[in-house]
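Participant:
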Amino acid sequence: MLKVGVVTLFPEMFDLYSDWGVSGRAVDRGLVHLSLFNPRDHAEDAHRTVDDRPYGGGPGMVMMYRPLQRSIQDARMALPGAKVHLLTPQGQRLEQADVQALARMESLILVAGRYEGLDERLIDAEVDQQWSLGDYVLSGGELACLVLLDAMTRLLPGSLGDECSAGDDSFAHGLLEHPQYTRPEEVDGRRVPEILLSGNHGAIRRWRMKQALGRTWLRRPELLERQPLDAEQKLLLEEFIAEQGQSSV
Ligand SMILES: C[S@@+](CC[C@H](N)C(=O)[O-])C[C@H]1O[C@@H](n2cnc3c(N)ncnc32)[C@H](O)[C@@H]1O
Numbered sequence: 009m010l011k012v013g014v015v016t017l018f019p020e021m022f023d024l025y026s027d028w029g030v031s032g033r034a035v036d037r038g039l040v041h042l043s044l045f046n047p048r049d050h051a052e053d054a055h056r057t058v059d060d061r062p063y064g065g066g067p068g069m070v071m072m073y074r075p076l077q078r079s080i081q082d083a084r085m086a087l088p089g090a091k092v093h094l095l096t097p098q099g100q101r102l103e104q105a106d107v108q109a110l111a112r113m114e115s116l117i118l119v120a121g122r123y124e125g126l127d128e129r130l131i132d133a134e135v136d137q138q139w140s141l142g143d144y145v146l147s148g149g150e151l152a153c154l155v156l157l158d159a160m161t162r163l164l165p166g167s168l169g170d171e172c173s174a175g176d177d178s179f180a181h182g183l184l185e186h187p188q189y190t191r192p193e194e195v196d197g198r199r200v201p202e203i204l205l206s207g208n209h210g211a212i213r214r215w216r217m218k219q220a221l222g223r224t225w226l227r228r229p230e231l232l233e234r235q236p237l238d239a240e241q242k243l244l245l246e247e248f249i250a251e252q253g254q255s256s257v
């Protein structure tokens, strides 16, 4: 079981994780256990203040050191040995390989920032790793934690059931996934590619591999630079590129 502690000022937002869909089922099946820690429980005044103005002036508020530190300590007590991961736009860009590595951990602690972020001294003192979802700024780290949690959960064995698997998903093997189709065979004059109706599993596998390589080449060429291709894949990609040339003549 993966044990995750989340340090957040908005624990209610994590109902979205525990009550719905794949992640809700994973919680029910005991594949993952989520515990929530609220820094406000460690505020030291009657107003339960957890933020204050930034030294040096400027707009916004900063999350105070002490309430957050105590909340992280609560999480450490509940999850001994767990590393602390802060979600922040200034962190390392999160990729599928990172999600795979995190999902293999026994336990981890996620910290969601708010306002202008955390007092830097707390990051120095308590945080092991910083992750960013991308080069844009969210209002709070809760959605970022939920994204990371969701991505990890669908990798846990048993979370997706027998009917589907994360093994062919985009990025699982360094490529975007092939296109998908379902019934009916024709809709608004658009037909499913004939090969998918052929029942020829070898041909379907090759077609899907070619499409995965081709759309990665078209949409995310930088992924192919990192991806060693075997002889069959090289051939399929060459075929795809040649077909592109023909279709644009
Ligand atoms: C408004 S942001 C703070 C941004 C901060 N002032 C800065 O410019 O780096 C509040 C919180 O949202 C979360 N957050 C915002 N954007 C994020 C991103 N791209 N990835 C991960 N977390 C993010 C972080 O937890 C952050 O502390």
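Oh and the sequence shown: position 205 is 213 in the numbering used here, straight run, nothing missing. The beta carbon of each residue, even a glycine, is placed where N, CA and C say it ideally should be.
(1) Since residue 41 sits in a beta bridge, which residues does DSSP pair it with?
(2) Return the Cβ separation of residue 69 and residue 61 in integer angstroms, given the expectation that the two are a contact with Cβ distance under 8 Å.
(3) Quick check on DSSP: helix, strand or coil for residue 121?
(4) Can you tell me whether residue 147 is buried or exposed, with buried defined as 16 or more other CB within 10 angstroms of its CB?
(5) Provide the residue span of the beta strand (DSSP E) that contains residue 93, from first to last.
(6) What I want to know is whether the C-beta of residue 100 ends up closer than 7 Å to one or more non-hydrogen atoms of ligand 1.
(7) Between residue 39 and ligand 1, is the CB less than 7 Å from at least one heavy atom?
(8) When the distance is taken between beta carbons, is residue 39 closer than 8 Å to residue 12?
(9) With the cut-off set at 8 Å, would you say residue 241 and residue 221 are in Cβ contact?
(10) Are there any heavy atoms of ligand 1 lying less than 7 Å away from the beta-carbon of residue 144, as far as the coordinates show?
(11) Leaving aside the five residues before and after residue 74 along the sequence, list all residues of the same chain whose C-beta is less than 8 Å from its C-beta, in chain order.
(12) Thinking C-beta only, is residue 104 closer than 8 Å to residue 180?
(13) Tell me the DSSP secondary structure of residue 168 in three-state form.
(14) Can you name, in chain order, every residue of its own chain whose Cβ lies under 7 Å from the Cβ of residue 157, other than the five neighbours on each side?
(15) Could you please give me the residues that DSSP links to residue 60 through a beta bridge?
(16) Provide the residue span of the alpha helix (DSSP H) that contains residue 225, from first to last.
(17) May I ask whether a heavy atom of ligand 1 can be found less than 7 Å away from the beta carbon of residue 124?
(18) Report yes or no: do the stretch 138 to 146 and the stretch 94 to 112 share at least 3 C-beta pairs separated by less than 8 Å?
(19) Residue 95: beta carbon under 7 Å from a heavy atom of ligand 1?
(20) According to DSSP, is residue 147 helix, strand or coil?
(21) At a threshold of 7 Å, does residue 141 count as lining ligand 1 (C-beta to nearest heavy atom)?
(22) With a threshold of 7 Å (Cβ to nearest heavy atom), would residue 148 be considered close to ligand 1?
(23) On a CA-only basis, which of 123, 84, 77 and 106 is nearest residue 129? Give me that one, please.
(24) DSSP three-state call for residue 163: helix, strand or coil?
(25) Let's test the definition: count the other Cβ atoms within 10 Å of the Cβ of residue 4 and tell me whether it reaches 16, buried, or not, exposed.
Facilitator: On the basis of the coordinates in this document:
(1) 11
(2) 6 Å
(3) coil
(4) exposed
(5) 91 to 101
(6) no
(7) no
(8) no
(9) yes
(10) yes
(11) 50 and 52
(12) yes
(13) coil
(14) 12, 25 and 31
(15) 70
(16) 209 to 227
(17) yes
(18) yes
(19) yes
(20) coil
(21) yes
(22) yes
(23) 77
(24) coil
(25) Within the shown structure, residues of the chain are numbered from 9 to 257, placing residue 4 beyond reach of any answer.
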